[in-house]
Amino acid sequence: QVQLVESGGGTVQPGGSLRLSCAASLSTFSRYAMSWYRQTPGKERELVAAISNTGGSTNYADSVKGRFTISRDNAKNTMYLQMNSLKPEDTAVYYCNAKFTWFDFWGQGTQVTVSS
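Mind the numbering: the sequence shown is residues 464 to 579 in this note's numbering, read in order.
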């Protein structure tokens, strides 16, 4: 049973920081491209950031460029999202995703709330 478990969410004031983690029970984690998505009620799930299987390539949504950093540690089967300068519009449930060929796995999500 493949599991992706997100952690690190919470409530933070505008301008604050959070670091999300996604721990994967994938024996071949290093083969998977990994991504962070987020979703708010009534809206489509949107891509926040993605990282290649080796970590050599990353891309970001325009709304988070310069504020968020995606990274991974293949030795620990874990992906991270460092979120700085958080804004109220970053409030959402954040999900991690793992993709390799036809394999596509999702975590259960972690809530991030940015509010004063």
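Ideal Cβ placement from N, Cα and C applies to all residues, glycine included. Treat the numbers as computed from the prediction; the structure is a model and nothing was measured.
Contact check for T474 and S578: beta-carbon distance about 6 Å, within the 8 Å limit, so the pair qualifies. Inclusion of E469 and Y543 in the CB contact set at 8 Å is not warranted, their separation being larger than that value.
A direct Cα-Cα distance of roughly 9 Å separates R482 from F531. Going by DSSP, Y558 is part of the beta strand (DSSP E) stretching over A555 to F563.
Per DSSP, the continuous beta strand (DSSP E) segment holding G473 begins and ends at G473 to V475.
Of the residues F563, M546 and K562, the one whose Cα lies closest to the Cα of A555 is M546.
With respect to the C-alpha of S498, the residue from G518, T491, G505 and P504 having the closest C-alpha is G518. For A538, the closest C-alpha among the options N516, Q466 and S480 is that of N516.
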